[in-house]
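At position 92 of the sequence shown (counting the first as 1) the number is 91 in numbering that gives the first Met the number 0, and the numbers step up by one without a gap. Glycine included, each C-beta is placed from N, C-alpha and C at the ideal position. Values in this document were obtained by computation on a predicted structure and should not be read as measured data. Comments concern the structure below.
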Amino acid sequence: MSDQREPRDDAATDGSTDLPGGDADAGTAGSSASSASARPTGKRAARRTRDPDSADGTAGSGKTTAGKSVATASQVPGRQRAEAAPKQNIFARLRRFLREVVAELRKVIWPNRKQMVTYTAVVLVFVTFMVAYISGLDLAFIRGVQWLFG
0 MSDQREPRDD AATDGSTDLP GGDADAGTAG SSASSASARP TGKRAARRTR DPDSADGTAG
60 SGKTTAGKSV ATASQVPGRQ RAEAAPKQNI FARLRRFLRE VVAELRKVIW PNRKQMVTYT
120 AVVLVFVTFM VAYISGLDLA FIRGVQWLFG
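Structure (structure tokens):
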């Protein structure tokens, strides 16, 4: 799979221009600088191949997350886990959850109309094939059981 996205079909016709940060819609009304920098670019982050702390070039033994070394409380001497914050009100937790859901949905790269039509057609063809295949097996087993016990 390629690390770069293919250009969208409707990107050239919407009148937007590409900005140096790689975000075509960062200058539109209603978007702030902080939300524009938080939007995904559609490219994968570079992965680290070795731990910078190891001088011999071997891979590090610590956990890595998106190319960053992560130390847990059990790995760092003298550090203990922070105590859990007291539980919030159920409505506050629900509101926070919904805010996080909306934030994650904004990060999704949604398919355009052409991709949606293609994906829908592929799914319908596959489902039709599987229904025919399972129906054929069902009829074959029915006739086999009728012939055997019949």
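W109: not part of any alpha helix (DSSP H); DSSP gives it neither H nor E. DSSP, reduced to helix, strand and coil, places G149 outside both helices and strands of the structure shown, so it counts as coil.
Taking the Cα positions, I108 is about 53 Å away from Q145. A check of alpha carbon separations from R112 across F125, I141, A120 identifies A120 as the nearest.
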